[in-house]
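Read through the structure below, which is laid out as structure tokens, and then see the notes.
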Amino acid sequence: FFFFLVCNSFFVHLGEMMGFVGSVGWTESGVLGQKSSFVCCNKPILGGRVGRRTLGRWEMMALRVAVVGGGPAGACAAETLAAAGIETYLIERKMDNAKPCGGAIPLCMVDEFDLPISLIDRKVRKMKMISPSNREVDVGKTLRDDEYIGMLRREVLDSFLRERAIEKGAKPINGLVTKINMAKGDSDPYSIEYSDYEDREKDAGKSKTLEVDMVIGADGANSRVARDMDAGDYNYAIAFQERIKLPEDKMEYYKELAEMYVGDDVSPDFYAWVFPKYDHVGVGTGTVINRPAIKTYQKGIRDRAAEKLAGGKIIKVEAHPIPEHPRPRRVNGRVALVGDAAGYVTKCSGE
Numbered sequence: 001f002f003f004f005l006v007c008n009s010f011f012v013h014l015g016e017m018m019g020f021v022g023s024v025g026w027t028e029s030g031v032l033g034q035k036s037s038f039v040c041c042n043k044p045i046l047g048g049r050v051g052r053r054t055l056g057r058w059e060m061m062a063l064r065v066a067v068v069g070g071g072p073a074g075a076c077a078a079e080t081l082a083a084a085g086i087e088t089y090l091i092e093r094k095m096d097n098a099k100p101c102g103g104a105i106p107l108c109m110v111d112e113f114d115l116p117i118s119l120i121d122r123k124v125r126k127m128k129m130i131s132p133s134n135r136e137v138d139v140g141k142t143l144r145d146d147e148y149i150g151m152l153r154r155e156v157l158d159s160f161l162r163e164r165a166i167e168k169g170a171k172p173i174n175g176l177v178t179k180i181n182m183a184k185g186d187s188d189p190y191s192i193e194y195s196d197y198e199d200r201e202k203d204a205g206k207s208k209t210l211e212v213d214m215v216i217g218a219d220g221a222n223s224r225v226a227r228d229m230d231a232g233d234y235n236y237a238i239a240f241q242e243r244i245k246l247p248e249d250k251m252e253y254y255k256e257l258a259e260m261y262v263g264d265d266v267s268p269d270f271y272a273w274v275f276p277k278y279d280h281v282g283v284g285t286g287t288v289i290n291r292p293a294i295k296t297y298q299k300g301i302r303d304r305a306a307e308k309l310a311g312g313k314i315i316k317v318e319a320h321p322i323p324e325h326p327r328p329r330r331v332n333g334r335v336a337l338v339g340d341a342a343g344y345v346t347k348c349s350g351e
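Numbering (the UniProt record's numbering), first residue to last: 1 to 351.
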């Protein structure tokens, strides 16, 4: 489904980096206080008050934080930091990136993340699970009349979340992080080396450096931040998806319907899907145990759904790793990982 972040993990990690966990109480929701953050020892933060002993070198000091990666996890982290008055840099290598994603989002997430309904391309009210023998089971019967599963495009969602973070004060950098130089001591900054694509030299970005007090790694499953902070590896699935433009009559069939297929022909350990989007469907599958055969499984789902997809034209092909479990280490000093970079996703659902 929809590869969303576990947003509260960001607040936990921030507290760990600052040394607050264990010495400061948390609010029930784990959300930062709304007043100016970290610059004064008697301002509320994380639901409690921070004493001078806890703050240490951060006392009376404005912080600079770099968020590496502008997907949902990074954009939400940047928005929260910027809204709290922290100098925040949001680094994203590709501002129009379209991450491979089924695109399903639970209705509760629309309210929780204050998303406008205009982001939702389709409101799915019917969900079918299709067995290896093509027996269909309706698994959407529990939805009430006013409930639905939202279907959206990640390029649209991610762009919206980034723009909202920028409106709150985050400073966008269109660039690729190439190295994180870890701080040598408690009073030393982190040095981020990156290629700035806003100021290109021919085909390559211009090499630049940014010094910050903290780093949030939200740069996905192939995280550079995770590598440089020695976060350790994790097992992962490969997800493969084709976006297929269907004739109008075929698209009408998927107007409010999403399908999930199971069977060894489409995946030995995952599932395959046909999810409706704005004017096309996403058709894909995934696997952990036999990643080299992913294209064979993709052919399997196309064959299983061939009649329904007849006359369709492939308009985009996508593939991406999905973490199977969290990395061994998600916090190191004043560096923390969130989202796919940390491995906060359940491979069976992609959430």
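Note that beta-carbon positions come from the ideal geometry of N, C-alpha and C, so glycine has one too. Predicted, not measured: the structure shown is a model, and the values here were computed from it.
Through-space distance from A82 to K299, alpha-carbon basis: By 1-based counting over the sequence shown, the position of residue 299 is 299. By 1-based counting over the sequence shown, the position of residue 82 is 82. Rounded to whole angstroms, K299 and A82 show a C-alpha spacing of 45 Å.
Close beta carbons around E136, own chain, < 8 Å, minus the five adjacent residues each side: Within the sequence shown, residue 136 is the residue found at index 136, counting from 1. Closer than 8 Å at the Cβ level, and outside the excluded window around E136, lie K128, M129, I130.
Residue range of the unbroken beta strand (DSSP E) whose run includes R243: Residue 243 sits at position 243 when you count from the first residue of the sequence shown. Judged by DSSP secondary structure, R243 falls within the beta strand (DSSP E) whose first and last residues are 236-245.
Option nearest P195 by Cα separation, candidates G175, M182, N181, D188: Locating residue 195 in the sequence shown gives position 195, where the first residue counts as 1. Note on identity: in this sequence residue 195 is Ser, with Pro being the wrong assignment. S195 has its Cα closest to that of G175, out of G175, M182, N181, D188.
Backbone secondary structure at R291 - three-state DSSP: The residue labelled residue 291 in the question sits at position 291 within the sequence shown. Helix at R291.
CB contact flag (I314, E198, <8 Å): Walking along the sequence shown from the start, residue 314 turns up at place 314. Walking along the sequence shown from the start, residue 198 turns up at place 198. Cβ distance not < 8 Å, so I314 and E198 don't count as in contact.
Start and end residues, beta strand (DSSP E) containing P321: For the purposes of this step, residue 321 is taken as residue 321 along the sequence shown, with counting starting at 1. 313-323 is the extent of the beta strand (DSSP E) around P321.
Identity of the residue in I180, D186, P247, L257 nearest L143 by Cα: Counting from one through the sequence shown, the residue named residue 143 turns up at place 143. Looking at the Cα atoms, L257 is the closest of the given residues.
Distance between R334 and R53 (C-alpha atoms, nearest Å): Translated into positions along the sequence shown, residue 53 becomes position 53. Translated into positions along the sequence shown, residue 334 becomes position 334. Any reading at R53 needs caution, since the residue's pLDDT is 36, under 50, leaving its predicted position unreliable; the model's value is listed next. Across the structure, R53 and R334 are spaced so that their CA atoms are roughly 17 Å apart.
Range covered by the alpha helix (DSSP H) that runs through S159: In the sequence shown, the residue the question calls residue 159 occupies position 159. Taken as a continuous stretch (DSSP letters only), the alpha helix (DSSP H) holding S159 covers 154-167.
Outcome for H320 when other beta-carbon atoms lying within 10 angstroms are tallied against a minimum of 16: Start at 1 with the first residue of the sequence shown, and residue 320 comes out as number 320. In the assembly as shown, H320 is a buried residue. Its beta-carbon has 16 or more other beta-carbons within 10 Å.
Proximity of L90 and A204 at Cβ, strictly below 8 Å: As a first step, residue 90 must be located in the sequence shown, where it is residue number 90. As a first step, residue 204 must be located in the sequence shown, where it is residue number 204. Between L90 and A204, the C-beta gap is not smaller than 8 Å, which leaves the two residues out of contact.
For R224, the first and last residue of its enclosing alpha helix (DSSP H): Start at 1 with the first residue of the sequence shown, and residue 224 comes out as number 224. For R224, the uninterrupted alpha helix (DSSP H) run begins and ends at 224-228, by DSSP.
Where S118 falls, given that 16 or more other Cβ within 10 Å makes a residue buried: Taking the first residue of the sequence shown as 1, we reach residue 118 at position 118. It counts as exposed.
The stretch 229-247 touching the stretch 282-298, judged by at least three CB pairs closer than 8 Å: Yes, they touch.
Three CB pairs or more closer than 8 Å across the stretch 210-223 and the stretch 302-312: No, they do not touch.
Helix, strand or coil at D121 [DSSP, three-state]: By one-based count along the sequence shown, residue 121 stands at place 121. In the three-state scheme derived from DSSP, where H, G and I count as helix and E and B as strand, D121 is classed as coil.
Proximity to K208 [Cα-Cα], best of G220, I192, A305: Mapped onto the sequence shown, residue 208 falls at position 208. The option with the nearest alpha carbon to K208 is I192.
Straight-line gap, A252 to F113 (C-alpha atoms, nearest Å): Locating residue 252 in the sequence shown gives position 252, counting from the first residue. Locating residue 113 in the sequence shown gives position 113, counting from the first residue. Looking at the sequence itself, residue 252 is Glu, so the reference to Ala does not match. Approximately 30 Å, taken between the alpha carbons.
Residues near residue 353 by beta carbon distance below 6 Å, same chain, minus five either side: It is not possible to answer for residue 353, since the shown part of the chain is limited to 1 through 351.
Residue burial classification, D228 (beta-carbon count within 10 angstroms, cutoff 16): Within the sequence shown, numbered from 1, the residue matching residue 228 stands at position 228. So D228 ends up on the buried side.
Residue burial classification, V317 (beta-carbon count within 10 angstroms, cutoff 16): Sequence index remark: in the sequence shown, residue 317 carries index 317 (1-based). Exposed: under 16 other Cβ atoms inside 10 Å.
Exposed unless 16 or more other CB atoms sit within 10 angstroms - verdict on E211: Reading the sequence shown from its first residue, position 211 is the one you call residue 211. So E211 counts as exposed.
Residue(s) in a DSSP beta bridge with N97: By one-based count along the sequence shown, residue 97 stands at place 97. As computed with DSSP, N97 is found in no beta bridge at all.
Neighbourhood of V274 by C-beta distance below 6 Å, restricted to the same chain and skipping five residues each side: Counting from one through the sequence shown, the residue named residue 274 turns up at place 274. Scanning its chain for C-beta atoms nearer than 6 Å, with the 5 sequence neighbours on each side dropped, one finds around V274 the residues E259, V281, V283, A305, in chain order.
Close Cβ partners of E324 (< 7 Å) along its chain, the five nearest in sequence each way excluded: Position 324 of the sequence shown, counted from the first residue, corresponds to residue 324. In the same chain as E324, and ignoring 5 residues on each side of it, the C-beta atoms closer than 7 Å to its own belong to Y234, N235, Y236, A237, V288, K347, in chain order.
P106 vs I149 beta-carbon contact at 8 Å: As a working mapping, residue 106 is identified with position 106 in the sequence shown. As a working mapping, residue 149 is identified with position 149 in the sequence shown. Closer than 8 Å, so yes.
Cut-off 7 Å between Cβ atoms - residues of its own chain near E155, not counting five sequence neighbours on either side: Within the sequence shown, the letter at position 155 stands for residue 155. Closer than 7 Å at Cβ, skipping near neighbours: D96, N97, A98.
Simplified DSSP assignment, three categories, for K128: Within the sequence shown, the letter at position 128 stands for residue 128. In this structure, K128 counts as strand in the three-state DSSP scheme.
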